[in-house]
Each structure stands twice: as C-alpha cells, then as structure tokens.
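First comes the structure, then the notes that go with it.
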Amino acid sequence: MDKIYDMIIIGGGPGGYTAALYGARAGLATLVMEKMAVGGQMSLTDQIDNYPGFEEGIEGFSLGEKMKNEAERFGARTVFATVLSADLKPDPKVIKTSDDIFYGRTVVISTGAEPRELGVDGEKELVGRGVSYCASCDGMFFKGKAVVVVGGGNTAAADILLLSRVAAKVFVVHRRDTLRASQVYHETLMSAENVEFCWNSQVTGILSDAAATSHGAKVTGVRIKNLVTCEERELSCDGVFVAIGRKPVSELAAGQLELDERGYIKADESTKTNIPGVFAAGDVRTKALRQIITAAADGAMAARYAEEYLADKYR
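Taking the numbering used here, the leading residue of the sequence shown gets 4, the next gets one more, and so forth.
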C-alpha cells in the first residue's frame, strides 16, 4: 500500500469532479479514476445551455475539462484507467485497475448511466450530429425543424411533449399500438397538431447527408419498418431522439451495494450507501432527476459526508 487516498472517486463526470473539488479543498487526498475522457455523458453534447454560469452555453467536453482543471488546482489527481474491480467492504477499500491497485478510505461511485441504444446503422456515427438521447439537453437546437422520437414510455412522452413545443414536426416511432407512458400524457399528446404517431414500427437505420465517417455528416432521416405489415419507408427529419430507457453503470457495485430493480445504487440525498464510507453520486444512484446540475450537487454532498466519515473514524 504505497499510497492510501482519503477519497477515491470512480468516474470523471460532473458528479465525480465536483466531489473531487470539494474533497481536495477540504484537504483530503483525492483521486479520480476515469476510463476514457472527462465529462461523462455530457462530453457527447455539443452545446450545454442548462448549466448556470455560461450565458452563451458551453460545449460538453470543455465543461468537463474545466471541472477537472478546477479540482486539480486544489490537489486532486486524475488517473486514466479502466476499473476492473472494487472491493468496497475492507478498510481501506481496494480498487483494481488495468494499470495498478489503489487504496481508499472512502469511495465515491460516480459511474453514471448510459442511454439504451437502438443498435442500428448510423446511430453511433451520428451522435451529436442529429442523434441525441436527451431532449431537455438538445431539443432547442431543433427549433422549427422535424424530429423523430423513438420510444413510448414516460421518458419518451416527456420528450415528445417538450419537442412538440419547439419543433415544427415530431414523428413518434413506437413498437406497440399505444403508448406505455402514464395516462396523464395521452390526451395532450394525441391532440398535438404537430405530432404524428408511427405505431407498431421500429427504426431500422438512421440516414445522413454524407458518408457516416466524413466530417460534418448530419441526420437527414430514418428508415422504419412496420412490424405488422413488414412495410418499410423513410421519414425525413433533422434529428432523432432515442428514448428507450437508460441503464446504470453499476456493475462494480453488484453483490456489495444495494441496487434497485433497475440496477441503480440505492442512496438517498445524502449519497450514503449501505456500506459505510461508500457513496453514490450522479446518474448511477436512485433519484428523480438526472441532469448535470443534480450530479454536481450529489458530488458536493458525497464529499461532505466522506469528510464527516473520515473525521469520525480516524480522529
């Protein structure tokens, strides 16, 4: 054990780096582990307009870099490595990565949640170029344009409602013949003049105006298939919003921390989990709203209670 950190944070998104900022400023030896690029899901967003302090908005990767740099200014350290396992019960807790083994008196899990993908041609290549998984983040970029929403649950219904207020046309592609969303949405959406439903259908491909690998390619439409008649057709649109659910990145916690039925780590507003000294911040924990600002709030809370835990245990 060459080095035991006061706080190890797994995940370099807004929750992770806010925890790092607060922890480092409190004098805690703080380490952030990130497997790829800083920023988490927000790094995939070209323009963020709903995070306070940036009157012209800010590109997601840039915001992530700013959060990282601020935390490191106070002494936080970042290691880029894939976490292979986390033994959260011993003291100190043991984090094994692709490069080394690290030890922490407290651990903040801030690994986020990933949108469920359609898995069709063109989807991955066009993320940020018309393909989005967050209507509240990106909807305003499609003001007066045509968009497609894929899904029929509560998230999709909320996205349809939001987009119907800004887009000229909203096509809804759903595998069933009715929405699965709560009844409260149905009447409003069915009466919206600019919303058109494509029932019993699925998207089989996303179309662009250039080769998927070329610079500047953007969404021009989708190819859909009717599951009853097997008829295929194309819809012209400027954006595709995929709203078929999210999946928490909580594999490290499985078998150690309590998870809910969907795999999110059970933790209240204190971010405390069932294991003392282990905290869950951001989209990976059970919560009502998953946004950059709520993840940042979780990070601050996790650092606060990590500091309290260390003071009680090691004073």
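A virtual CB, placed ideally from N, CA and C, is assigned to each residue, including glycine.
Can you find the residues in the same chain that come closer than 8 Å, C-beta to C-beta, to residue i, ignoring five residues on each side of it along the sequence?
| i | result |
| --- | --- |
| I104 | V97 and I98 |
| W202 | H177, R179, D180 and T181 |
| A309 | D9, M10, A22, G26, L31, T109, V111, G280 and F282 |
| Y197 | Residue identity check: residue 197 is Asn in the sequence provided, not Tyr. Excluding residues within five positions, the ones whose Cβ falls inside 8 Å are S167, A170, A171, K172 and V173. |
| T191 | L164 |
Kindly indicate which three-state DSSP category residue i falls into: helix, strand or coil?
| i | result |
| --- | --- |
| R307 | helix |
| V252 | coil |
| F369 | Residue coverage of the chain in this structure runs from 4 to 318, which leaves residue 369 outside it and unanswerable. |
| Q3 | Missing from the structure shown is residue 3; the chain here goes from 4 to 318 and no further. |
| D141 | helix |
| V187 | helix |
| Q44 | helix |
| S217 | Bear in mind that a pLDDT of 48 at S217, under 50, signals an unreliable position, so the model cannot answer this. |
| Y25 | helix |
| M70 | helix |
| L91 | coil |
| Y8 | strand |
| K127 | helix |
| V287 | helix |
Closest to residue i by CA distance: which of the options is it?
| i | options | result |
| --- | --- | --- |
| N229 | T109, G131, T223 and S204 | S204 |
| A303 | I13, G14 and G19 | G19 |
| P93 | P279, V225 and E310 | P279 |
| A235 | W202, R226, L24 and L262 | The residue you asked about is not Ala; residue 235 is Glu in the sequence shown. Of W202, R226, L24 and L262, the residue nearest in Cα terms is R226. |
| M143 | V130, G154, A170 and A160 | A170 |
| G43 | E199, L91 and E117 | E117 |
| G248 | V130, S167, S211 and V152 | V152 |
| N157 | A184, V243 and V150 | A184 |
| V82 | V35, Q186 and T297 | V35 |
| T207 | N53, T223, K69 and G122 | G122 |
| L166 | K71, A220 and A246 | A246 |
| Q259 | A299, C140, A314 and S88 | S88 |
| G155 | F244, C140 and K290 | F244 |
| S139 | I295, G15, T191 and A306 | I295 |
| I7 | E75, S253 and T33 | T33 |
| G16 | Q50, A29 and G63 | G63 |
| G14 | R80, G60 and T48 | R80 |
| G147 | A160, V130 and G242 | G242 |
| I12 | D315, L313, A314 and A305 | A305 |
| A160 | A29, L91 and M193 | M193 |
| A29 | R318, R307 and D212 | R307 |
| L24 | A74, E68, G60 and G56 | A74 |
Tell me, which residues are paired with residue i by DSSP?
| i | result |
| --- | --- |
| P118 | R249 |
| V281 | V110 |
| G224 | L210 and S239 |
| V35 | I12 and T81 |
| F200 | V175 |
| L262 | I268 |
| F105 | I98 |
| F244 | S135 and V152 |
| Q50 | According to DSSP, which records beta bridges pairwise, Q50 is partnered with nothing at all. |
| K316 | K316 is not bridged to any residue. |
| V231 | DSSP lists no partner for V231. |
Once you ignore the five residues that flank residue i on each side, which residues in its own chain have a CB closer than 7 Å to its CB?
| i | result |
| --- | --- |
| V126 | It is worth fixing the name first, because residue 126 is Glu in this sequence and not Val. Same-chain partners within the cutoff: E120, V134 and I209. |
| T85 | K38, T100 and S101 |
| E137 | The sequence shown places Cys at residue 137, not Glu. Counting only Cβ-Cβ distances below 7 Å, and skipping sequence neighbours, we find nothing. |
| A283 | I112, I268, A270, T274 and T276 |
| A256 | I112, L262 and I268 |
| G224 | L210, E237, L238, S239 and C240 |
| S217 | Residue placement at S217 is flagged as unreliable, the pLDDT there being 48, under the threshold of 50; the coordinate-derived value follows with that caveat. Excluding residues within five positions, none has a Cβ falling inside 7 Å. |
| L66 | G42, M45, I51 and Y54 |
| V252 | T114, G115, A116, E117 and V287 |
| R132 | A220, K221 and V222 |
| D90 | K96 and V97 |
| A195 | S167 |
Residues in its own chain within less than 6 Å of residue i by CB, not counting five upstream and five downstream?
| i | result |
| --- | --- |
| E199 | F174 |
| A299 | P17 and T21 |
| K71 | Y20 and V41 |
| V231 | N203 |
| G78 | A27 |
| D301 | G18, T274, A284 and G285 |
Uninterrupted beta strand (DSSP E) stretches inside the segment 147-198 (no shorter than 3 residues): 149-153 and 172-176
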